[in-house]
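Going letter by letter, the sequence shown gives residues 93 to 195 in our numbering. C-beta: ideal position from N, C-alpha, C; glycine also. Written out below as structure tokens is the structure these notes cover.
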Amino acid sequence: MTETKSFTSFKRFYPYYLKEHRNKTCRRLHFIGSSLVLLLTGYALISSQFVLLWLLPVIGYGFAWVGHFFFEKNRPATFKHPLYSLWGDWVMFKDILMGKIKW
93 MTETKSFTSF
103 KRFYPYYLKE
113 HRNKTCRRLH
123 FIGSSLVLLL
133 TGYALISSQF
143 VLLWLLPVIG
153 YGFAWVGHFF
163 FEKNRPATFK
173 HPLYSLWGDW
183 VMFKDILMGK
193 IKW
């Protein structure tokens with residue numbers, strides 16, 4: 093599958109997404125970024141410091157994009173498939189937590 097391929101479902105997209113995340117360091121950076129997004133969200137809500145929520149995309153995408161540009165050496169799927177890619181981030185996060193994907 094190529095990056096320009098049109099996907100008709102997330103079920104068809106996810107195998108492509110996983111192929112774009114073969115590098116262990118890239119997956120780890122995704123996992124760290126997603127974990128920090130959850131922690132910051134919780135902190136912002138508990139402390140009522142809602143302005144911190146503006147940092148969520150910087151943290152989430154920042155870690156992921158460093159993984160892609162410097163370790164995976166590819167363009168993040170976010171650029172062509174933003175919603176499926178976001179969904180893929182959280183499914184991969186869950187799969188790492190469940191031990192289905194090595195990190």
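(message) As an exercise, report each continuous alpha helix (DSSP H) stretch of at least 4 residues that is fully enclosed by the segment 137 to 182, in chain order.
(response) Counting only runs of 4 or more, we get 148 to 158.
(request) Starting from LYS111, trace the alpha helix (DSSP H) both ways and give me its first and last residue. (result) If you look at LYS111, you'll find it in the alpha helix (DSSP H) that goes 102 to 111.
(message) Rounding to the nearest angstrom, what Cα-Cα distance links PHE155 and LEU121 in this structure?
(response) Cα to Cα, the separation comes out at about 5 Å.
(request) Could you give the DSSP three-state label for SER98: helix, strand or coil? (result) Coil at SER98, not helix or strand.
(request) List the whole-angstrom C-beta distance separating SER126 from ASP187, where the pair is believed to meet the contact cut-off of C-beta under 8 Å. (result) Taking 8 Å as the upper bound for CB-CB distance, SER126 and ASP187 are not in contact here, some 12 Å apart.
(message) Quick check on the burial criterion: 16 or more other C-beta atoms within 10 angstroms. Buried or exposed for TYR109?
(response) Around the beta carbon of TYR109, a 10 Å sphere encloses 16 or more other beta carbons of the protein chains shown; the residue is thus reported as buried.
(request) Would you identify the three-state DSSP class for ARG114, choosing helix, strand or coil? (result) For ARG114, the secondary structure class from DSSP, reduced to helix, strand or coil, is coil.
(message) Within a Cβ cutoff of 7 Å, which residues of the same chain sit near LEU132, ignoring the five residues on either side of it in sequence?
(response) For LEU132, where only same-chain residues beyond five positions count, the Cβ hits under 7 Å are LEU144, LEU147, LEU148, ILE151.
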